[in-house]
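A.B. asks: The following block contains the structure, expressed as structure tokens.
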Amino acid sequence: MDYRYGSHTVFRIEYHFVWVTKYRYKVLRGDVGERVRELVRQTCDAFEIRILKGVVSADHIHILVSAPPEMAPSEIMRRIKGRTASKLFEEFPALKKRYWGWHFWARGYFCATVGELSEEMIKQYLEHHFEPDPAAEFRVEP
1 MDYRYGSHTV FRIEYHFVWV TKYRYKVLRG DVGERVRELV RQTCDAFEIR
51 ILKGVVSADH IHILVSAPPE MAPSEIMRRI KGRTASKLFE EFPALKKRYW
101 GWHFWARGYF CATVGELSEE MIKQYLEHHF EPDPAAEFRV EP
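Here it is in structure tokens:
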């Protein structure tokens with residue numbers, strides 16, 4: 001396992017994100033696709049978010065990231081979508097005609113956590129790491 005380290009933390013937090021262009025327009029091709037990939041990388045680097053894998057398709061993006069514990073998934077997406085949209089509108093004026101409301105990305109996104117520990121593994125760990133006489137409210141029932 002690859003753990004990351006902060007000043008007072010050791011963590012491994014991974015998210016799988018998917019988000020789409022508004023109206024599912026297939027505009028993430030050619031120069032726009034290359035630039036959006038670069039902008040996502042720059043944004044993630046700026047906030048210490050590591051991209052583990054990623055794919056830019058014609059109308060959506062998939063990324064698997066490792067993020068610090070102080071960053072909520074909603075904050076990650078807000079930063080990525082906000083920065084990329086404003087830079088794309090700035091660098092590709094033709095996009096403004098297609099997206100008249102200055103909204104490049106659709107509102108929502110998909111997010112799933114990625115982990116290697118199951119609920120059963122955590123319960124077993126807690127069952128075997130008690131003091132000789134643990135308080136009843138801290139015991140995990142089988």
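Here the sequence shown stands for residues 1 to 142, numbered as in my numbering.
The beta-carbon is built from N, C-alpha and C at its ideal position, and this holds for glycine as well.
Whole angstroms is fine: what's the gap from Thr84's alpha carbon to Gly115's?
C.D. replies: Along the sequence shown, read from residue 1 onward, the residue named residue 84 stands at position 84. Along the sequence shown, read from residue 1 onward, the residue named residue 115 stands at position 115. Between Thr84 and Gly115, the C-alpha separation is close to 28 Å.
A.B. asks: Taking 8 Å as the cut-off, decide whether the C-beta atoms of Arg12 and Tyr5 are in contact.
C.D. replies: Position 12 of the sequence shown, counting from 1, holds the residue named residue 12. Position 5 of the sequence shown, counting from 1, holds the residue named residue 5. Contact: no.
A.B. asks: Can you pull the DSSP bridge partners for Lys123?
C.D. replies: Numbered from 1 along the sequence shown, position 123 holds the residue referred to as residue 123. For Lys123, which the question treats as bridged, DSSP gives no partner whatsoever.
A.B. asks: What span of residues does the alpha helix (DSSP H) with Glu75 cover, start to end?
C.D. replies: Within the sequence shown, the letter at position 75 stands for residue 75. Segment 73-91, the alpha helix (DSSP H) holding Glu75.
A.B. asks: Which ranges would you report for the beta strand (DSSP E) in the stretch 3-58 if only whole runs of at least 3 residues count?
C.D. replies: Those beta strand (DSSP E) runs which fall completely within the stretch 3-58 and span 3+ residues are 14-20, 50-56.
A.B. asks: May I ask you to list the residues that DSSP assigns as paired with Ser66?
C.D. replies: Within the sequence shown, residue 66 is the residue found at index 66, counting from 1. Glu14, Arg50, per the DSSP bridge assignment.
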